[in-house]
Each structure stands twice: as C-alpha cells, then as structure tokens.
Amino acid sequence: MVVDCLKCINSACCSLVIEVDKLEFELLKEKGLSDCFIKHVDVFVDKFPKLKDKKEQLEENYSDNYAEMKKSKDGLCVNLDRKTMLCSIYEDRPKVCKDYENNRCSKIRKLCIN
Amino acid sequence: MGVLQTEIINQNLVATPPTGYYNIFLDTDGIEKKKDDAGVVTFTSGSDQNDKVKASVTDTTEGFLDSKITGTTNKITISKINSGANESFVVTVGVDVFDKVSDDSDNITEGTLNLFLTSAERTKIANSLTTITGSSHSQLTLDDGTNPHGTTKANVGLGNATNTSDANKPVSTATQTALDLKRDKTAIKNSIEDDSGSLQLVNDTNSAGNDKYYGTDGSGTKGYHTLPTASSSYFKAEVLSTTNSNNFNSNTPTNIPDITYTITQDGDYVFYSVVNCNNDENGELEMYFAKNGTTINNSIVTDRQQKNQDQSIQNTYPVDGLVIGDVITVQFNTRGDNVDLLTRRMLVQSWS
Numbered sequence: 001m002v003v004d005c006l007k008c009i010n011s012a013c014c015s016l017v018i019e020v021d022k023l024e025f026e027l028l029k030e031k032g033l034s035d036c037f038i039k040h041v042d043v044f045v046d047k048f049p050k051l052k053d054k055k056e057q058l059e060e061n062y063s064d065n066y067a068e069m070k071k072s073k074d075g076l077c078v079n080l081d082r083k084t085m086l087c088s089i090y091e092d093r094p095k096v097c098k099d100y101e102n103n104r105c106s107k108i109r110k111l112c113i114n
Numbered sequence: 115m116g117v118l119q120t121e122i123i124n125q126n127l128v129a130t131p132p133t134g135y136y137n138i139f140l141d142t143d144g145i146e147k148k149k150d151d152a153g154v155v156t157f158t159s160g161s162d163q164n165d166k167v168k169a170s171v172t173d174t175t176e177g178f179l180d181s182k183i184t185g186t187t188n189k190i191t192i193s194k195i196n197s198g199a200n201e202s203f204v205v206t207v208g209v210d211v212f213d214k215v216s217d218d219s220d221n222i223t224e225g226t227l228n229l230f231l232t233s234a235e236r237t238k239i240a241n242s243l244t245t246i247t248g249s250s251h252s253q254l255t256l257d258d259g260t261n262p263h264g265t266t267k268a269n270v271g272l273g274n275a276t277n278t279s280d281a282n283k284p285v286s287t288a289t290q291t292a293l294d295l296k297r298d299k300t301a302i303k304n305s306i307e308d309d310s311g312s313l314q315l316v317n318d319t320n321s322a323g324n325d326k327y328y329g330t331d332g333s334g335t336k337g338y339h340t341l342p343t344a345s346s347s348y349f350k351a352e353v354l355s356t357t358n359s360n361n362f363n364s365n366t367p368t369n370i371p372d373i374t375y376t377i378t379q380d381g382d383y384v385f386y387s388v389v390n391c392n393n394d395e396n397g398e399l400e401m402y403f404a405k406n407g408t409t410i411n412n413s414i415v416t417d418r419q420q421k422n423q424d425q426s427i428q429n430t431y432p433v434d435g436l437v438i439g440d441v442i443t444v445q446f447n448t449r450g451d452n453v454d455l456l457t458r459r460m461l462v463q464s465w466s
C-alpha cells in the first residue's frame with residue numbers, strides 16, 4: 001500500500017531512529033544542521049565522564065552510526081513541522097530519510113499505533 | 115733504733131775501773147755478785163773492745179751494724195751517765211745513741227739514717243723521692259687553689275682542652291664541613307613558601323593553577339606552564355564475525371556466538387559492539403556485555419525491532435579492573451523471538 005506523504009496523518013516514519021555516519025554528519029554540518037543531531041560519543045562520555053579525555057579515540061567506534069537525529073518529547077523528529085506535519089528540512093534531509101519508501105508506512109503505522 | 119741501753123744498779127762496786135770502763139764483777143763484801151744481781155747476766159768479762167756485739171744490738175739494728183761496728187769509729191761504748199745508787203750506763207754504738215726511747219718515737223737525723231742504710235736502700239729511697247718530685251705525677255697537692263707542682267693540663271690527660279666558655283667555643287671542623295654544604299637562605303631567590311595553604315614562589319607574581327607547574331618549558335622559558343598531557347599507552351583490538359547464525363532465540367541474556375574477547379593485559383577497558391540482525395517479530399531486543407559468563411546488567415541497551423527488517427543494535431560500555439584471562443562476551447535476550455545474527459563486531463579499547 002502506497003501512502004501519500006502529504007496525506008499522512010501521524011508521520012510515523014518521523015518517529016524512527018535516524019542515524020548518520022560521520023561523513024554525512026560533516027555534510028549536514030556544513031548546511032547548518034549539526035544541532036539537529038546528537039553524537040553517540042557525547043552521550044557515552046556524559047554517562048561516563050572519566051572517559052572524557054578519551055573522546056577522540058572512542059569516536060572511532062561510531063564511524064557508521066556517528067550521530068542520531070534528535071527527537072522531541074512527543075517522540076517525533078525535531079525537524080517535523082508540527083503544523084503541517086511535513087519535514088522542515090526536506091531538501092537536506094538525511095539519506096536514510098530520502099531512501100525511505102513510503103510503501104512501508106502500513107507497517108510503521110501499525111508499529112507506532114501499537 | 116733498737117733499745118740497747120742497759121741500766122746497771124751498782125751497790126758495792128768500789129774498784130776504780132779504767133776511765134770509761136767498769137768491771138762489774140768486783141767482790142769486795144765477800145759476797146759474790148753475780149751477773150744476775152746486776153741485771154747483766156749476759157755480760158762477759160772480756161774487754162769491751164774485744165766484746166762481741168750483743169745479740170740484742172744485732173737484732174735491734176736488724177743487721178745494719180754488722181758492718182758498722184768494725185774499726186774505731188763505729189765501736190760500741192758503754193758510758194756512765196749517773197752516779198751513786200742510781201748509777202747507770204749508756205751503751206753507745208758508733209755515733210748513734212741507744213736509749214730507751216721506742217723506735218716509733220726515736221729522733222733520727224738524716225745523717226744518722228744514712229749511716230744505717232745500705233747503698234741499695236738509699237738508692238731505693240732516692241728513686242722514690244725522684245718519683246715524688248718528678249713532673250709526670252704530683253702526689254702532693256694543696257687545696258688552696260695554687261698549683262705548687264706546676265701540674266699541666268697534659269698531666270691530667272686534657273692537653274687539647276682550652277679554657278673557653280661553651281657559648282664562645284668555635285664550631286668543630288666536622289660541623290663547619292657540614293655547614294659548608296648548606297645554602298645560605300638569604301641568598302636563595304624565589305624560594306617556595308606556604309602561601310595561605312598553597313605553595314607560592316616568593317617574588318613571583320604569578321600563581322600556579324591546578325594544571326600548572328613551575329619550571330622551564332620546551333622553549334627555555336621559566337615560569338608557570340601547563341602540565342603536559344599524561345602520556346598513555348592506547349590499546350585497541352577488534353573481533354569480527356561474518357558468519358550468520360540464524361534463529362537465535364533466548365528468554366534470558368545468552369552469549370551470541372563468535373563474538374568473544376579474552377583479555378591479554380590487565381587494565382580498564384571500553385567495549386563497543388554492533389550486531390546486524392533480522393528479527394522475525396516486531397519486538398524489544400536486549401543486548402548486554404558479560405564478564406566470564408556473568409551478565410553485566412548495567413550494560414543493557416534495548417532496541418525496538420521491526421519484523422523481518424535488517425537492522426543493527428550497538429552498545430558501548432566500560433569495564434574496569436580486568437585481568438589477563440578474563441573473557442568478555444556479547445549477550446542477547448530476544449524475549450522468545452527468532453533473530454538471525456548477521457555481521458557482528460566488537461571493538462576493544464584500553465588506556466594504561
């Protein structure tokens with residue numbers, strides 16, 4: 001079932017975990033979107049402060065999942081326009097968002113509803 | 115000197131003896147006077163000059179006179195010293211006079227003494243006197259504060275002593291040698307003092323911070339510099355498995371296959387693991403680390419799985435105090451779901 005995103009009523013896909021690798025993060029950073037992400041290494045050293053000075057080497061672990069898109073308290077992407085329920089950075093959205101096929105929406109909706 | 119005087123009581127001695135000599139055996143009243151009567155039983159009738167030295171004389175003089183009574187100078191002479199009823203005689207030996215005075219009370223002049231001492235004895239006495247008056251010892255002292263014998267500090271074993279008060283004594287050579295090794299505190303610049311609980315260099319306007327040190331940096335500049343970052347040995351290892359393991363199913367944390375690391379050096383570690391998988395159900399998947407088969411419960415991460423979708427789950431957790439031989443594994447709790455395990459990787463990091 002293909003869903004027309006413009007007619008989407010709950011933006012279920014925008015509740016999924018969106019991760020980018022370090023290369024994509026750097027590209028999005030050049031577009032001024034770095035604040036939309038939280039780096040996994042920062043989450044880790046906040047939890048274990050004694051490893052703060054090891055951050056550079058720990059960052060090597062997160063090459064593939066370098067940063068994660070932030071979510072609001074409602075569990076949806078911070079870039080989701082709550083009035084239109086459309087992506088506010090649609091043209092510059094991460095690659096995983098671009099690759100998403102809305103024929104999966106039925107599954108996501110079910111997941112979200114559950 | 116021995117008592118040699120013999121007093122003879124004369125009752126009827128009437129004949130005129132030669133001058134200076136008396137015959138004490140005259141018998142004028144028909145009664146033979148025995149030597150006992152005169153108390154001179156041991157006297158013999160020989161001439162005095164030919165008379166033997168009496169045993170008492172010999173004994174008393176302890177033999178001194180044996181050699182002295184020869185010749186005329188040292189002859190024994192008996193002299194009358196009283197007349198009448200109490201007429202008495204004195205026996206004189208040489209120049210000395212034997213009287214009734216006890217030896218202890220006898221007055222003997224040195225000249226007299228010399229006459230009766232053997233040469234060896236006089237030498238012995240002379241040596242004794244030399245010792246007494248010598249410079250090595252003073253056996254006679256006066257308590258009037260004077261030093262009549264000229265006793266020196268060396269005589270009493272204090273040749274190195276000086277009459278200096280303790281306060282004015284100079285330091286010893288050893289003490290001075292030790293002092294020469296000390297720095298003059300007035301010449302020390304920038305000495306360290308306790309400045310309100312923290313060390314502060316005197317005359318230095320800068321203050322050390324928590325991460326500062328005072329010294330010379332790499333460019334030769336003296337002062338406070340930032341402490342260099344402690345160098346550490348960084349260790350990293352990787353465990354990778356590309357062998358799929360299908361239908362892994364568990365209801366408790368259970369080791370997943372082919373993703374195990376054995377510690378090769380003691381230290382604190384950080385473990386990172388990422389597992390690609392495919393769940394046959396929509397559900398929660400728990401991931402843990404385990405040490406020697408025991409689940410580290412605080413290492414749990416959960417991921418909401420989408421049915422039949424290839425997805426990944428990762429976890430990072432520090433484990434301190436590991437020793438050689440400890441085994442670290444990755445565990446899954448699929449909560450009854452069948453999960454196909456795809457490529458999985460564990461990174462191991464340690465700093466020492």
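Keeping their order, the protein sequence lines are chains V and Y.
Be aware that the first sequence starts at 1, since it is given in our numbering, and climbs by one per residue.
Be aware that the second sequence starts at 115, since it is given in our numbering, and climbs by one per residue.
From the three backbone atoms N, C-alpha and C, an ideal C-beta is built for every residue, glycine too.
Since this is a predicted model, take the numbers as computed values, not measurements.
Among the options, the one whose alpha carbon lies nearest that of residue i
{"i": "serine 60/Y", "options": "Thr335/Y, Ser355/Y and Gln379/Y", "result": "No statement about residue 60/Y is possible, as the shown extent of chain Y runs from 115 to 466 and does not include it."}
{"i": "methionine 69/V", "options": "Asp99/V, Leu86/V, Val78/V and Glu101/V", "result": "Val78/V"}
{"i": "lysine 71/V", "options": "Lys52/V, Ile38/V and Leu23/V", "result": "Ile38/V"}
{"i": "glutamine 420/Y", "options": "Leu6/V, Cys13/V, Leu27/V and Arg82/V", "result": "Cys13/V"}
{"i": "valine 353/Y", "options": "Val444/Y, Thr260/Y and Glu398/Y", "result": "Val444/Y"}
{"i": "threonine 408/Y", "options": "Gln423/Y, Pro367/Y and Phe385/Y", "result": "Pro367/Y"}
{"i": "valine 441/Y", "options": "Asn406/Y, Thr416/Y, Asn282/Y and Arg236/Y", "result": "Asn406/Y"}
{"i": "leucine 23/V", "options": "Tyr100/V, Asp35/V, Gln57/V and Pro94/V", "result": "Pro94/V"}
{"i": "phenylalanine 385/Y", "options": "Asn61/V, Asp42/V, Val17/V and Val45/V", "result": "Asn61/V"}
{"i": "phenylalanine 130/V", "options": "Asn269/Y, Val270/Y, Ile370/Y and Thr430/Y", "result": "Nothing about residue 130/V can be reported from this structure: the residues present for chain V run from 1 to 114 only."}
{"i": "glutamate 400/Y", "options": "Asn241/Y, Ser426/Y and Ile377/Y", "result": "Ser426/Y"}
{"i": "asparagine 396/Y", "options": "Asn422/Y, Ala404/Y and Thr416/Y", "result": "Asn422/Y"}
{"i": "isoleucine 370/Y", "options": "Thr300/Y, Leu293/Y, Thr266/Y and Asn452/Y", "result": "Asn452/Y"}
Supposed contact pair residue j and residue i - C-beta distance, whole angstroms, cut 8 Å
{"i": "serine 355/Y", "j": "aspartate 372/Y", "result": "4 Å"}
{"i": "lysine 69/Y", "j": "threonine 335/Y", "result": "Not covered by the structure: residue 69/Y. The range shown for chain Y is 115 to 466."}
{"i": "aspartate 64/V", "j": "aspartate 99/V", "result": "No, aspartate 64/V and aspartate 99/V are not in contact; Cβ-Cβ is about 16 Å, not under 8 Å."}
{"i": "isoleucine 410/Y", "j": "valine 433/Y", "result": "7 Å"}
{"i": "isoleucine 377/Y", "j": "glycine 332/Y", "result": "Contact doesn't hold; Cβ gap of about 37 Å is too wide."}
Element boundaries [alpha helix (DSSP H), containing residue i]
{"i": "threonine 291/Y", "result": "287 to 294"}
{"i": "threonine 25/V", "result": "Inspection of the sequence shows that residue 25/V is occupied by phenylalanine rather than by threonine. Phenylalanine 25/V -> alpha helix (DSSP H) spans 22 to 30."}
{"i": "aspartate 42/V", "result": "40 to 47"}
{"i": "glutamine 57/V", "result": "55 to 58"}
Check whether residue i and residue j have beta carbons under 8 Å apart
{"i": "aspartate 394/Y", "j": "glycine 435/Y", "result": "no"}
{"i": "tyrosine 375/Y", "j": "valine 462/Y", "result": "yes"}
{"i": "serine 464/Y", "j": "phenylalanine 349/Y", "result": "yes"}
{"i": "aspartate 92/V", "j": "lysine 31/V", "result": "yes"}
{"i": "asparagine 390/Y", "j": "threonine 457/Y", "result": "yes"}
{"i": "aspartate 454/Y", "j": "asparagine 412/Y", "result": "no"}
{"i": "tyrosine 66/V", "j": "phenylalanine 25/V", "result": "yes"}
{"i": "leucine 80/V", "j": "serine 34/V", "result": "no"}
{"i": "valine 43/V", "j": "leucine 51/V", "result": "no"}
{"i": "cysteine 8/V", "j": "methionine 85/V", "result": "yes"}
Beta carbon proximity, residue i to chain V, threshold 8 Å
{"i": "glutamine 379/Y", "result": "no"}
{"i": "threonine 356/Y", "result": "no"}
{"i": "threonine 430/Y", "result": "yes"}
{"i": "leucine 455/Y", "result": "no"}
{"i": "tyrosine 375/Y", "result": "no"}
{"i": "tyrosine 386/Y", "result": "yes"}
{"i": "tyrosine 327/Y", "result": "no"}
{"i": "tyrosine 338/Y", "result": "no"}
{"i": "arginine 449/Y", "result": "no"}
{"i": "leucine 399/Y", "result": "no"}
{"i": "aspartate 309/Y", "result": "Note that aspartate 309/Y scores a pLDDT of 48, beneath 50, so its modelled location is shaky; the value from the coordinates is reported in the next line. False, the Cβ-Cβ gap to chain V never drops below 8 Å."}
{"i": "tyrosine 348/Y", "result": "yes"}
Residue-chain proximity (residue i, chain Y), Cβ-Cβ < 8 Å
{"i": "lysine 54/V", "result": "yes"}
{"i": "leucine 58/V", "result": "yes"}
{"i": "leucine 51/V", "result": "yes"}
{"i": "asparagine 65/V", "result": "yes"}
{"i": "phenylalanine 37/V", "result": "no"}
{"i": "asparagine 79/V", "result": "no"}
{"i": "leucine 111/V", "result": "Any reading at leucine 111/V needs caution, since the residue's pLDDT is 48, under 50, leaving its predicted position unreliable; the model's value is listed next. Chain Y contact via Cβ: present."}
{"i": "asparagine 61/V", "result": "yes"}
{"i": "phenylalanine 25/V", "result": "no"}
For residue i, the first and last residue of its enclosing beta strand (DSSP E)
{"i": "glutamine 428/Y", "result": "424 to 436"}
{"i": "lysine 405/Y", "result": "397 to 405"}
{"i": "valine 453/Y", "result": "453 to 465"}
{"i": "lysine 326/Y", "result": "326 to 330"}
{"i": "valine 353/Y", "result": "348 to 355"}
{"i": "cysteine 391/Y", "result": "381 to 393"}
{"i": "lysine 95/V", "result": "Here lysine 95/V belongs to no beta strand (DSSP E); instead the alpha helix (DSSP H) covers 95 to 98."}
{"i": "glutamine 445/Y", "result": "441 to 447"}
{"i": "glutamate 68/V", "result": "67 to 69"}
{"i": "glutamine 420/Y", "result": "Careful: glutamine 420/Y lies outside any beta strand (DSSP E) and carries neither H nor E."}
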